[in-house]
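Heads up: the structure comes next, in structure tokens.
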Amino acid sequence: MRARDLGLPLTGDTGPHNAITDVPGVEVGYTTLVAGDDVRTGVTAILPRAREDVHLPCAAGRFSLNGNGEMTGSALVDEIGSVRLPVLITNTHAVGPCHRGVIDWVAREKPLVAEQWLLPVVAETWDGYLNDINGPHVQAGHAIAAIDSAAGGPVTEGSVGGGTGMNCYAFKGGSGTSSRIVQYGPDSYTVGAFVQANFGSRKELTVCGVPVGAALADDNPMEDDDWLVPPGAGSVIAVIATDAPLLPGQCTALARRVPLGLARTGTTGSHFSGDIFLAFSTGNVLTPSEFPKGDPGYDTLRHIPWNRMDDFFAAVVHSVEEAVLNALVAAETMTGRLGRRSPALPVDRLVDLVVRR
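Note that the working numbering has the sequence shown beginning at 1419, numbered continuously upward.
Printed below as a string of structure tokens:
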């Protein structure tokens, strides 16, 4: 089930799968780890281009609403305005093995690329409420398996991949995605969003403009039980993809719009939530930042004029909002470490509050 299946009045026209994979070439893969009473975690892999071309750089930019989190490779994204190779999302203490996994995968699949330096992008959110986050459960092989499983088409949502042990608005959260079609003169482009949703306090939750958190305040073990993490903690990672030809600075501008989509779901941005966002465009192929050889040549970049960007900004906002709601609607109740329970969003009650009111 997805948010639109509930009849929620969401804005904008989606692509065929309503997913980041509606952007041509973008692929998503997961490794989900659920074992015993206390392993609830995993890895998500997003390939900006299909695997045969994943080494070719895309224009890219990133934005940090709150830096209480990690996204490796950010300094290089800021420096050269591009990203390549699989982008991974996992839990806070598994960034290292996932970073190693990307390197091992590139060495296997693109050995000539691996002959030079690799600075993979690996991001994280904290799943320590349900998961034994300090245990060495995520290994490099799990990252490789997530990349190997990446595919286009429909994307599974909820408690899968890096989102397995995550929570959102004190309900079970996790992985969510959505897309929007943007008409540009005679051309049509896609903007897709993927979120690892692990943020927000229950009282903040807003759906399609209706503040529902207070009405859904019962059954809230994350915030009612006696533990040390403040409401709203956890973090959110968002990846924005588009096939519209954009400059790196325009990708950064897309990333800066992600908080507007998150805010439509109610969050006010907790200090304890690392909120970091990456946006990339597949509309141009940039020259890789590798040791130079041969004739110097030039890059020629076609791009959307800045004064025509508003529809793309709106697409980011609307797709991020829906991706969060999709993560919430898809996730099921989960019990994990120390018997802690994260309840699923009660969709029937949500429909009564938003659709049938």
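Where is the CB? At the ideal position from N, CA and C, for every residue including glycine.
Notebook entry, point to check: Just reading off the alpha helix (DSSP H) that G1679 is part of, what are its end residues?
Noted result: Where G1679 is concerned, the enclosing alpha helix (DSSP H) starts and stops at 1666–1681.
Note to self: At the level of alpha carbons, what is the spacing between A1463 and D1637?
What the structure shows: Their Cα atoms are separated by approximately 33 angstroms.
Check: Sorted by chain position, which residues of the same chain lie with C-beta nearer than 8 angstroms to Q1534's C-beta, five sequence neighbours on each side aside?
Finding: Excluding sequence neighbours, Q1534 sits near E1708, F1709.
Next item on the list: For chain B, find out if any of its Cβ atoms is closer than 7 angstroms to the Cβ of V1600; answer yes or no.
Entry: Here there is only one protein chain, and chain B is not present.
Margin query: I need the straight-line Cα distance from F1730 to V1578, nearest angstrom please.
Written below: Take the alpha-carbon of F1730 and the one of V1578: they are about 28 angstroms apart.
Margin query: Closest to M1640 by C-alpha separation, out of T1683, G1715, S1760, would be which residue?
Written below: Measuring from the Cα of M1640, the nearest candidate turns out to be S1760.
Notebook entry, point to check: Curious, which full-length beta strand (DSSP E) runs of at least 3 residues does the stretch 1546–1621 contain?
Noted result: Counting whole runs of 3 or more residues, the stretch 1546–1621 contains the beta strand (DSSP E) stretches 1592–1602, 1605–1615.
Notebook entry, point to check: In its own chain, which residues sit with a C-beta less than 8 angstroms from the C-beta of G1757, not counting the 5 before and 5 after it?
Noted result: Contacts found: D1455.
Checklist line | G1650 - partner residues in DSSP beta bridges | finding: For G1650, which the question treats as bridged, DSSP gives the partners G1618.
Notebook entry, point to check: What do you get for T1751, buried or exposed, if any count of 16 or more other CB atoms within 10 angstroms of its CB means buried?
Noted result: With fewer than 16 Cβ atoms within 10 Å of its Cβ, T1751 is classed as exposed.
Next item on the list: Measure the alpha-carbon distance for V1446 versus P1649 and round it to whole angstroms.
Entry: Here the alpha carbons of P1649 and V1446 stand approximately 30 angstroms from one another.
Item checked: alpha helix (DSSP H) segments (min. 4 residues) lying fully within the stretch 1464–1536 -> Listed in chain order, the complete alpha helix (DSSP H) runs (minimum 4 residues) inside the stretch 1464–1536 are 1492–1498, 1513–1527, 1529–1532.
Note to self: Taking the alpha carbon of V1556 as the reference point, which residue from A1748, V1452, P1629 has its own alpha carbon closest?
What the structure shows: Looking at the Cα atoms, V1452 is the closest of the given residues.
Notebook entry, point to check: What residues match up with D1693 in a beta bridge as DSSP calls it?
Noted result: For D1693, which the question treats as bridged, DSSP gives the partners N1484, V1654.
Margin query: Could you check whether E1739 and G1679 sit closer than 7 angstroms to each other, using their CB atoms as the reference points?
Written below: Taking 7 angstroms as the cut-off, the Cβ atoms of G1679 and E1739 count as close.
Notebook entry, point to check: So is D1605 buried or exposed if we call it buried at 16+ other beta carbons inside 10 Å?
Noted result: Around the Cβ of D1605, a 10 Å sphere holds fewer than 16 other Cβ atoms; the residue is exposed.
Check: Going by C-alpha distance, which of T1574, S1593, F1698, D1431 is nearest C1476?
Finding: The shortest C-alpha separation from C1476 is found at F1698.
Item checked: Same chain, Cβ closer than 6 angstroms to G1570, five either side skipped, listed in chain order -> Short of 6 angstroms from the beta carbon of G1570, and not among the five residues preceding or following it, lie these beta carbons of its own chain, in chain order: T1439, E1445.
Check: Just reading off the alpha helix (DSSP H) that V1452 is part of, what are its end residues?
Finding: V1452 -> not in any alpha helix (DSSP H); beta strand (DSSP E) instead, spanning 1445–1453.
Check: What do you reckon, are the CB atoms on P1427 and C1626 nearer than 7 angstroms?
Finding: The Cβ-Cβ distance between P1427 and C1626 falls below 7 angstroms.
Note to self: What would DSSP say about G1460, mapped onto helix, strand or coil?
What the structure shows: Reduced to three states, the DSSP call for G1460 is strand.
Check: Of all the options S1653, I1655, I1599, L1696, which has the alpha carbon lying nearest to the alpha carbon of P1434?
Finding: When C-alpha distances from P1434 are compared across S1653, I1655, I1599, L1696, the shortest belongs to I1599.
Checklist line | Three-state class that DSSP yields for V1628 in the structure shown | finding: DSSP places V1628 in strand when its eight states are reduced to three.
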